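Below is one structure, written out as structure tokens; comments come after it.
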Amino acid sequence: MTLDISQTTVDQVGIEERAASLAKRSIKKETKINGIKLAMSMIDLTTLEGKDSAGKVEAMCQKAIHPLDPSTELRVNGHVPSVAAVCVYPNMVAVAKKALAGTHVKVASVATGFPSGLTPLPIKIEETKRVVDMGADEVDMVIDRGAFLSGEFKKVANEIAKVKEACGLAHLKVILETGELETYDNVRKASWLAMQAGADFIKTSTGKAAVSATPGVTLVMLEAIRDFWYKTGKRIGMKPAGGIRTSKQAMHYLVLVKETLGDAWLSPDWFRFGASTLTNDLLMQLVKESTGRYQSLDYFTVD
Amino acid sequence: MPTLEKKVTRLEVVEPKQLNFGKKWDYAPAPESTDLVKIAPRYELFIGGKFVKPKSGNYFKSINPATEEVLTEVAEANDADVDAAVRAARNAYEKYWSKLPAAERAKYIFRIARQLQEKAREFAIVETMDGGKPIREARDVDIPLACAHFFYYAGWADKLEYAFPGRKTRPLGVAGQIIPWNFPLLMAAWKIAPALACGNTVVLKPAETTPLTSLLLAQIIQEADLPPGVVNIVTGAGKTGAALVKHPDINKVAFTGSTDVGKMIMRAVAGSGKKLTLELGGKAANIIFEDAPIDQAVEGIINGIYFNQGHVCCAGSRLFVQEGIKDIVIRKLQDRLQTLRVGNPLDKNTDVGAINSREQLNKIKELVESGVQEGCALHQSECTLPKKGFWFAPTFFTGVAQSNRIAQEEIFGPVLSVLTFRTVEEAIEKANNTAYGLSAGVWTDKGSKIFKVSSKLKAGVIWANTYNKFDPTSPFGGFKESGFGREGGLHGLMPYVELVG
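Protein sequences, first through last, are from chains A and B.
So the first sequence is residues 1 to 303, counted in my numbering.
So the second sequence is residues 1 to 501, counted in my numbering.
In structure tokens, the structure reads:
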């Protein structure tokens with residue numbers, strides 16, 4: 001693989017200004033309803049805690065299949081789609097696979113020594129193979145940020161390529177952990193590197209660092225995806241993860257996608273939200289749109 | 001463009017490579033409600049603290065350029081009306097304003113600023129209805145900046161001795177001020193605030209197509225209880241302006257508008273002893289080097305030319321792009337053009353509003369036609385334009401040379417001319433090869449290049465890696481045919497004082 005890491009720079013003030021200006025789009029009425037449903041269908045419903053158990057994951061899978069319970073759905077007179085996938089630790093893949101059998105909800109597993117990525121490459125490869133064998137449809141790997149920051153770009157790219165190989169038919173999402181890369185220039189460079197090395201998706205964060213997804217970082221990555229597509233014709237997906245909790249934030253991200261990459265990317269095939277608590281805020285807004293009132297959180301399931 | 005959703009598998013190469021900015025998830029109309037504003041059926045002249053009927057007996061109509069609906073009718077001031085306004089201003093200057101302690105002047109200006117802030121929403125809506133600019137811009141740029149100017153200059157009123165250390169200042173007397181239609185309230189603030197802060201009284205003439213926010217400002221001035229005659233507002237077209245400029249009892253003329261009118265004014269005041277500042281046209285160069293942050297530069301180019309429909313004297317209407325990145329920049333501009341939302345200016349999602357007048361629309365059309373005739377390649381947004389009102393789709397030309405009309409004449413519309421260069425020296429030479437010199441933009445990641453280029457550009461304002469940034473603390477004004485004198489900042493006090501002692 002010949003690696004091209006010479007990238008255009010990113011101006012911090014400019015990118016943040018542009019991202020903020022797109023938060024000003026007025027999303028009302030049917031645009032809001034459609035946007036909320038679209039966002040729901042793009043969620044990777046996530047639990048990545050040390051205390052995750054089969055019981056917790058099974059319950060979450062039920063929520064993933066029907067986010068709004070059917071009786072409420074009847075009342076608000078509108079079908080709410082299932083989320084795109086659930087995202088779990090390797091040991092929970094089999095549990096999730098079983099709970100989701102017969103549905104379209106995919107199983108994504110984090111891998112490669114998540115969240116630090118500081119394990120030897122053979123172990124990363126082995127872990128990837130295992131989760132795919134256990135039924136993961138998608139693999140969320142982390143890059144070795146230490147290697148990236150010390151300029152070992154080839155090492156990082158090589159690891160991604162090897163993990164991609166180990167994925168077989170499973171889709172590979174590459175987590176850049178942008179909060180640790182610190183600069184937009186680094187985010188741009190890491191995005192480019194990951195796309196060349198074989199990522200199907202690029203993803204902002206593990207959710208374990210101090211700073212997770214931001215609109216600015218997401219816009220940098222969307223612009224990198226756009227340039228990569230123009231250069232190679234290959235479509236790469238995007239997944240901001242961590243810190244996206246409200247419908248308003250989710251609508252802002254959809255606006256970023258719509259006005260940067262256009263209609264084609266407005267689909268769960270090409271855009272995902274990594275989130276755990278976003279679901280209920282989307283539901284609350286959806287119910288409010290049809291009843292005119294905000295319901296208490298007691299009316300939305302916490303699974 | 002119809003959405004033909006073909007399922008694309010991962011990493012499959014898609015041809016042709018064209019992004020589709022369609023209607024898969026479209027924004028519903030989000031018009032700002034106009035219930036809040038009450039536009040009177042008729043507006044009089046504001047002279048001596050009162051709204052008075054014009055001696056001319058004439059009124060002209062002010063229309064909404066987005067719909068061609070008549071909003072109201074406005075008094076037309078003739079020579080006698082202008083004379084009455086100047087007398088009122090002179091009287092106010094002699095009797096009250098020049099005798100008032102500076103700190104008291106400041107209080108009045110602060111009061112105007114606060115009132116304006118209170119009524120910001122109403123002003124934004126009226127500005128949009130009268131001028132055609134998107135509500136987002138009126139709301140987020142025009143009105144807040146106008147408030148900021150009043151606040152800023154209120155602060156200077158009692159500190160003039162610190163602005164000019166070791167010197168004493170004296171006000172000039174009566175200032176005659178003529179403002180354009182592109183930023184009606186903001187230009188009124190730029191003119192009135194420093195004049196009052198320095199102790200002058202004012203006769204202001206807003207543009208005939210956009211008089212409404214100045215007249216609403218007159219109401220605020222009345223409510224703020226300024227001594228009668230300190231600010232007078234006379235409405236009308238060129239003849240009213242000419243009467244103001246030629247009036248023997250004004251001490252200072254400040255004009256913002258076209259270079260042609262600026263030249264006429266300069267001839268008119270020659271030898272009269274009147275102080276003069278002119279802020280005229282522009283044909284700014286936006287220079288983008290190979291090492292620029294390209295996506296942000298493209299945003300800056302878009303903002304530089306399509307902000308306020310290109311009705312901006314400092315609009316970045318000439319793009320100089322280094323040859324190595326020409327193709328990529330043009331492609332990005334084409335994509336970005338398609339995501340600009342053109343339409344109802346009152347819609348909160350509108351990016352580009354209506355052209356201010358039929359006359360201006362015709363001028364834009366004529367110049368664009370000349371670009372086509374001279375063989376430049378036209379690129380235009382595929383947006384659908386409303387049937388009524390004055391509209392022009394965002395446009396840019398490639399293959400433009402210095403010798404083309406569209407590279408030399410100010411279009412004052414949403415039309416960009418793209419030219420190329422090879423070296424830094426060539427960029428500077430071409431950028432300076434114009435009769436104008438108001439503003440410029442430099443885009444590069446290399447700091448030393450910014451300093452090298454900007455020190456050689458003959459333009460009053462130069463932005464580096466950004467564009468159209470305004471702040472009351474920062475002076476603004478031109479070189480060459482773009483005028484002289486500075487507005488804003490400490491420099492903006494200069495045209496309104498005489499330094500003595």
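Think of the CB as a built atom: it goes at the ideal place given N, C-alpha and C, for glycine as much as any other residue.
Values in this document were obtained by computation on a predicted structure and should not be read as measured data.
{"query": "By DSSP, does Pro70 (chain A) sit in helix, in strand, or in coil?", "result": "helix"}
{"query": "I need the straight-line Cα distance from Gly343 (chain B) to Val105 (chain A), nearest angstrom please.", "result": "41 Å"}
{"query": "For the stretch 90 to 101 of chain B against the stretch 196 to 206 of chain B, are there 3 or more C-beta pairs whose distance is under 8 Å?", "result": "yes"}
{"query": "What are the residues in the stretch 22 to 36 of chain B lying within 9 Å of chain A by C-beta distance?", "result": "Gly22, Lys23, Lys24, Trp25, Asp26, Tyr27, Ala28, Pro29, Ala30"}
{"query": "Just checking: is the beta-carbon of Thr444 (chain B) within a distance shorter than 7 Å of some beta-carbon in chain A?", "result": "no"}
{"query": "Using a Cβ-Cβ cut-off of less than 8 Å, give me the residues of the stretch 381 to 398 of chain B that come near chain A, in sequence order.", "result": "none"}
{"query": "How is Ala84 (chain A) classed by DSSP in three states: helix, strand or coil?", "result": "coil"}
{"query": "Below 9 Å between beta carbons is the criterion; list the residues of the stretch 26 to 39 of chain A that meet it against any residue of chain B, in chain order.", "result": "Ser26, Ile27, Lys28, Lys29, Glu30, Thr31, Lys32, Asn34, Gly35, Leu38"}
{"query": "Here's a check: name, in chain order, each residue in its chain whose Cβ is nearer than 8 Å to the Cβ of Lys6 (chain B), leaving out the five neighbours to either side.", "result": "Reliability fails at Lys6 (chain B), whose pLDDT of 49 lies under 50, so the model's placement of it is uncertain and no value is given."}
{"query": "Rounded to whole angstroms, how far is the Cβ of Phe390 (chain B) from the Cβ of Ala354 (chain B), which I believe are closer than 8 Å?", "result": "5 Å"}
{"query": "Looking at chain B, is there any beta carbon in it that lies within less than 7 Å of the beta carbon of Val10 (chain A)?", "result": "yes"}
{"query": "Out of B:Asp81, B:Asn465, B:Glu498, point me to the one whose CA is closest to Val298 (chain B)'s CA.", "result": "B:Asn465"}
{"query": "Taking only beta-carbon positions, decide if Asp263 (chain A) is within less than 7 Å of chain B.", "result": "yes"}
{"query": "Measure the Cβ-Cβ separation of Val418 (chain B) and Val400 (chain B) and say whether it is below 7 Å.", "result": "yes"}
{"query": "Kindly list, in the order they appear in chain A, the residues whose Cβ is closer than 7 Å to that of Ile301 (chain B).", "result": "Chain A residues near Ile301 (chain B): none, gap ~11 Å exceeds 7 Å."}
{"query": "List the whole-angstrom C-beta distance separating Lys430 (chain B) from Gln408 (chain B), where the pair is believed to meet the contact cut-off of C-beta under 8 Å.", "result": "Incorrect: roughly 12 Å between the Cβ atoms, too far for contact."}
{"query": "Across the stretch 302 to 319 of chain B and the stretch 207 to 221 of chain A, are there enough close Cβ pairs to call them in contact, namely three or more that are closer than 8 Å?", "result": "no"}
{"query": "Give the C-beta separation of Ala188 (chain B) and Ala154 (chain B) to the nearest angstrom, bearing in mind that I take them to be a contact with Cβ-Cβ under 8 Å.", "result": "Going by Cβ atoms, the distance from Ala188 (chain B) to Ala154 (chain B) rounds to 15 Å, so no, they are not a contact pair."}
{"query": "Verify whether the separation of the beta carbon atoms of Arg304 (chain A) and Lys239 (chain A) is less than 7 Å.", "result": "It is not possible to answer for residue 304 (chain A), since the shown part of chain A is limited to 1 through 303."}
{"query": "Beta-carbon separation of Tyr184 (chain A) and Ile65 (chain A) under 7 Å?", "result": "no"}
{"query": "Measuring CB to CB, does Ile283 (chain B) end up less than 7 Å from Glu410 (chain B)?", "result": "Looking at the sequence itself, residue 283 (chain B) is Lys, so the reference to Ile does not match. Contact flag set, yes."}
{"query": "What does the alpha-carbon distance come out to for the pair Lys29 (chain A) and Gly48 (chain B)?", "result": "49 Å"}
{"query": "Going by the DSSP bridge assignment, what does Gln177 (chain B) pair with across the sheet?", "result": "B:Leu204, B:Ala254"}
{"query": "At the 7 Å Cβ level, is Gln296 (chain B) part of the contact set with chain A, yes or no?", "result": "yes"}
{"query": "Taking the alpha-carbon positions, what's the Met1 (chain B) to Ile221 (chain B) distance?", "result": "For Met1 (chain B), the predicted model reports a pLDDT of 36, less than 50, meaning its position is unreliable and no value from the coordinates is stated."}
{"query": "At a Cβ threshold of 7 Å, is Glu138 (chain A) touching chain B?", "result": "no"}
{"query": "Could you spell out where the beta strand (DSSP E) holding Glu359 (chain B) opens and where it closes?", "result": "Per DSSP, Glu359 (chain B) belongs to no beta strand (DSSP E); it is in the alpha helix (DSSP H), 358 to 373."}
{"query": "So which residues on chain A does Lys348 (chain B) lean against when the C-beta distance must stay under 7 Å?", "result": "Ser26"}
{"query": "Starting from Pro504 (chain B), trace the alpha helix (DSSP H) both ways and give me its first and last residue.", "result": "Since the first residue of chain B shown is 1 and the last is 501, residue 504 (chain B) is not available in this structure."}
{"query": "Where does Lys53 (chain B) sit, in a helix, a strand or coil, going by DSSP?", "result": "coil"}
{"query": "In the structure shown, what three-state DSSP assignment does Lys98 (chain A) receive?", "result": "helix"}
{"query": "Note down the Cα distance separating Ala194 (chain A) from Ala163 (chain B), rounded to an integer number of angstroms.", "result": "56 Å"}
{"query": "So His252 (chain A) is in the alpha helix (DSSP H); what residue range does that whole segment cover?", "result": "247 to 260"}
{"query": "Would you list, in sequence order, the uninterrupted alpha helix (DSSP H) runs of no fewer than 4 residues that lie entirely inside the stretch 387 to 453 of chain B?", "result": "405 to 408, 424 to 432"}
{"query": "Could you please give me the residues that DSSP links to Ile526 (chain B) through a beta bridge?", "result": "No answer is possible for residue 526 (chain B): it lies beyond the span of chain B, which begins at 1 and ends at 501."}
{"query": "Three or more beta-carbon pairs under 8 Å between the stretch 132 to 141 of chain B and the stretch 471 to 480 of chain B, yes or no?", "result": "no"}
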